[in-house]
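S.K.:
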Amino acid sequence: MTNLINKSKFVTRNQSVPKRNSRLSSAWKVAPDVFSSFRFAWAGVIYTFKTQRNFRIHTGIALVAILLGLWFNVTMTQMAILAITCALVMILELLNTAIESVVDLTVGKQYHEQAKKAKDCAAGAVLVSAIASVLVACFILFPYGLNLIFSLL
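Next up, the structure:
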């Protein structure tokens, strides 16, 4: 099996680390404080929102589900379940984006079967969570929707 990692791109003990004002220097450093950690985390969420169509779709559907839950005045437990399942889909979409980025960084533009498997499995995790989230939303919101329809008739 060929080595997929190009080790020439990594900094070794004998090499110098990029200068502080270098754009690349922040990519390897640990955040110096809590606020920087949150800023880096939000940068990942914003990057994913801007670049991943499915993340935007999941965000929109999650907003609709939460707003419907508020409008139907579902119980706090039901709202928590809705929020957790929506968040799970978005979390897995963020992880999927991270995995795809790392795989692309590792293999570059070459095709590799293991890279395909890693990307497919990450996407599959998002798919399974999205299906589960839709089912949970239907189980919670459908009875409220039926009650609304029957009350209007």
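To convert, note that position 83 of the sequence shown is 83 in full-length UniProt numbering; the numbers rise steadily by one, no gaps. Don't be surprised by glycine CBs; every beta carbon is placed ideally from N, CA and C. Note that this is a predicted model, so its numbers are computed, not measured.
Pick from Ala-83, Lys-117, Gln-114 and Arg-56: whose alpha carbon is nearest that of Val-136?
M.R.: Nearest option by C-alpha distance: Ala-83.
S.K.: Quick check: the Cα distance between Leu-94 and Gln-114, rounded to an integer number of angstroms?
M.R.: Looking at the two C-alpha atoms, the distance is approximately 21 Å.
S.K.: Should Leu-135 be listed as close to the ligand ATP, given that the test is whether its C-beta is under 7 Å from any heavy atom?
M.R.: This structure does not include the ligand ATP; it has no bound ligands of any sort.
S.K.: When DSSP labels each residue in this structure, what does Leu-153 get in the three-state scheme?
M.R.: Leu-153 falls in the coil class under three-state DSSP.
S.K.: Three or more beta-carbon pairs under 8 Å between the segment 64–77 and the segment 92–112, yes or no?
M.R.: With the cut-off at 8 Å, the segment 64–77 and the segment 92–112 do not touch.
S.K.: Put Gln-78 into one of helix, strand or coil per three-state DSSP.
M.R.: Of the three classes helix, strand and coil, the one that applies to Gln-78 here is helix, per DSSP.
S.K.: With a CB to CB cut of under 7 Å and the five nearest residues on each side skipped, what residues in its chain are close to Arg-56?
M.R.: Phe-49, listed in sequence order.
S.K.: Is Trp-140 buried or exposed, if buried means 16 or more other CB atoms sit within 10 Å of its CB?
M.R.: Sequence inspection shows Ile at residue 140; the Trp mentioned does not correspond to that position. Answer is buried; the Cβ neighbour count reaches 16.
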